[in-house]
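Position in the sequence shown (from 1) plus 4 gives the number in my numbering.
Here is the structure we will look at, set down as structure tokens.
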Amino acid sequence: MTKFITDEMMEEALTFLATSSEQLAEARANRVRAEHARKRIRANLILQSEEKSAVMREAWADSHKLYADAVEAEIQTICLDEYFRAERNRCDSIIEAWRSEQANARAGSSFK
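Here it is in structure tokens:
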């Protein structure tokens, strides 16, 4: 029977899951912080605008460099948060595939 999940893959997955919780929590917290910072910057820019209409104040704020920088910072935190989530999902999938392989190997050996 061909083994698709190597011992090294399994060890790497278990190690990542066992050691990444703090990093994942920090990435999620930074994502939330960045989202709130972006909203706060946009609101402050709208208040600072000297445009007459609400739509023009919002447009001015949305086109401001400070807002663009906040959006970019938020995007970077989202990328890191999503990386950790995807990596944990990958590790979970490796473990599930390993479990299936082990169950199939046990079931196959009982028929011999």
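Yeah, the Cβ is synthetic: ideal placement off N, Cα and C, and Gly gets one too.
Owing to the predicted nature of the structure, the values given are computational and were not obtained by experimental measurement.
{"Check": "F20, enclosing alpha helix (DSSP H) - first and last residue", "Outcome": "11-23"}
{"Check": "Cβ-Cβ distance between A65 and Y71 below 8 Å", "Outcome": "yes"}
{"Check": "Extent of the continuous alpha helix (DSSP H) to which T62 belongs", "Outcome": "Strictly speaking, residue 62 in this sequence is Glu, with Thr absent from that position. Here the alpha helix (DSSP H) through E62 covers 58-66."}
{"Check": "Cβ neighbours of E45 in the same chain (closer than 7 Å, five flanking residues each side left out)", "Outcome": "Contrary to the premise, residue 45 reads as Ile rather than Glu in this sequence. The residues are L70, Y71, A74."}
{"Check": "Buried/exposed call for C83, threshold 16 Cβ in 10 Å", "Outcome": "exposed"}
{"Check": "Nearest to D85 (by Cα), restricted to the options E12, R35, F20, I9", "Outcome": "R35"}
{"Check": "CA-to-CA distance, I50 to E76, given in whole angstroms", "Outcome": "19 Å"}
{"Check": "Nearest-angstrom Cα separation, counted from E15 out to S118", "Outcome": "Only positions 5 to 116 of the chain appear in the structure, and residue 118 is not among them; the question remains open."}
{"Check": "Candidates T81, Q52, L18, D11: closest to N93 by CA position", "Outcome": "L18"}
{"Check": "Beta-carbon proximity of E78 to E26, cut-off 8 Å", "Outcome": "no"}
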